[in-house]
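Novice: I am attaching a structure below and will ask some questions about it afterwards.
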Amino acid sequence: MPTFSLLRTLPAIAAAGIMLFAGASAANAQQSKEDIEKIVREYLLKNPEIIQEAIMELRKKQEMAETTARTKALQSYKKDIFESPRDVVLGNPKGNVTLVEFFDYNCGYCKRAVNDVAELLKSDPNLKIVLKELPILSEGSVEAARVAVAVRMQDPSKYWAFHRALMSAKGEANGAQALAAAKTAGLDIERIKKDVSNPEVDATLHGVQELAKALAISGTPSYVLGDELIPGALPHDRLAVAIAAVRKCGKVNCPN
Numbered sequence: 003m004p005t006f007s008l009l010r011t012l013p014a015i016a017a018a019g020i021m022l023f024a025g026a027s028a029a030n031a032q033q034s035k036e037d038i039e040k041i042v043r044e045y046l047l048k049n050p051e052i053i054q055e056a057i058m059e060l061r062k063k064q065e066m067a068e069t070t071a072r073t074k075a076l077q078s079y080k081k082d083i084f085e086s087p088r089d090v091v092l093g094n095p096k097g098n099v100t101l102v103e104f105f106d107y108n109c110g111y112c113k114r115a116v117n118d119v120a121e122l123l124k125s126d127p128n129l130k131i132v133l134k135e136l137p138i139l140s141e142g143s144v145e146a147a148r149v150a151v152a153v154r155m156q157d158p159s160k161y162w163a164f165h166r167a168l169m170s171a172k173g174e175a176n177g178a179q180a181l182a183a184a185k186t187a188g189l190d191i192e193r194i195k196k197d198v199s200n201p202e203v204d205a206t207l208h209g210v211q212e213l214a215k216a217l218a219i220s221g222t223p224s225y226v227l228g229d230e231l232i233p234g235a236l237p238h239d240r241l242a243v244a245i246a247a248v249r250k251c252g253k254v255n256c257p258n
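This is the structure we're talking about:
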């Protein structure tokens, strides 16, 4: 069966229908809208690949539109992405490449990504890593994220120890588990219990949620590296390659 071009075929069908309808009117015939619809229907039934082509074309246009919108958002929100004073910064604060991670404490892939981040911190002294709490999986995720922000407010230098402790904990992450992780990291638990109700916590989480919405981030982990969004988990070696590429050409994938 030959391949049909959607852009050529559908306008032709429509044009034929219009001509048929117009001709019928001029001749005072009984040709109706139903007749035209029947012609189109029969044609599509004989050539169903046109429907598949239409769906593929629609998806392609949607993906292009999403990519364009995301690229604009990455530029518009650059300061919020890379330099928000509410962020947790790991590694070299003046590093020549910044890797931003959006995460949820109940995300299984995020838990595994902690070891990848740890390896990057050890192997790359010129890397800056920014962590953004994006609790989207459960109410427990929200509770844990609120404690995480309170930890950052109290002592940013202890955030990484807290973060690793909570990510390695068994079961669902929630407020109680987060407080236990904070205690393990040596923080003032009573102060954290008060700080979780601080408006700064709400402002921090709301800001990240709005940023994620602008970037069309719907899952965790998601990374921003250079001027690109990387949805989904990547192992250490692939992250390292992408970071090296950004250093070389400013993009995750350098042109050959």
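In my numbering, the protein residues as written are 3 to 258.
No residue lacks a Cβ here, since even glycine has one placed at the ideal position from N, Cα and C.
It should be emphasised that the depicted structure is a prediction, and the values quoted were computed from it without experimental measurement.
1) Do you know how far the Cα of THR222 is from the Cα of LEU231?
2) Which term fits GLU103, buried or exposed, when burial requires 16 or more other beta carbons within 10 angstroms of its beta carbon?
3) For the structure I just gave you, are there three or more beta carbon pairs, one from the stretch 83-94 and one from the stretch 150-167, closer than 8 Å?
4) Just verifying my parser: in three-state terms, what is the DSSP assignment at TYR107?
5) Which class does SER140 belong to by DSSP, given the choice of helix, strand or coil?
6) Within 10 angstroms of its Cβ, does VAL119 collect 16 or more other Cβ (buried), or is it exposed?
7) Check whether the stretch 178-195 touches the stretch 44-63, counting contact only when three or more Cβ pairs, one atom from each stretch, lie closer than 8 Å.
8) Out of curiosity, what's the CA-to-CA distance linking GLU121 and GLY234?
9) If you measure between the beta carbons of LEU136 and VAL203, is that distance less than 8 Å?
10) Determine the extent of the alpha helix (DSSP H) in which GLY209 is found, giving its start and end residues.
11) Check whether the stretch 172-190 and the stretch 142-162 touch, using three or more Cβ-Cβ pairs below 8 Å as the test.
Specialist: Taking the coordinates as given:
1) Your numbering for residue 231 matches position 229 in the sequence shown. Your numbering for residue 222 matches position 220 in the sequence shown. Roughly 12 Å separates the two Cα atoms.
2) Working through the sequence shown from its first residue, we reach residue 103 at position 101. GLU103 is buried by the Cβ-count criterion.
3) yes
4) Taking the first residue of the sequence shown as position 1, residue 107 is located at position 105. TYR107 falls in the coil class under three-state DSSP.
5) Locating residue 140 in the sequence shown gives position 138, counting from the first residue. In this structure, SER140 counts as coil in the three-state DSSP scheme.
6) As a first step, residue 119 is located in the sequence shown; it is residue number 117 there, counting from the start. Buried: at least 16 other Cβ atoms inside 10 Å.
7) no
8) If you number the sequence shown from 1, residue 121 lands on position 119. If you number the sequence shown from 1, residue 234 lands on position 232. Rounded to the nearest angstrom, the two C-alpha atoms are 18 Å apart.
9) Residue numbering aside, residue 136 sits at position 134 when the sequence shown is read from its first letter. Residue numbering aside, residue 203 sits at position 201 when the sequence shown is read from its first letter. No; because the gap between Cβ atoms is not below 8 Å, this pair is not in contact.
10) Numbered from 1 along the sequence shown, position 207 holds the residue referred to as residue 209. Per DSSP, GLY209 belongs to the alpha helix (DSSP H) from 201-216.
11) yes
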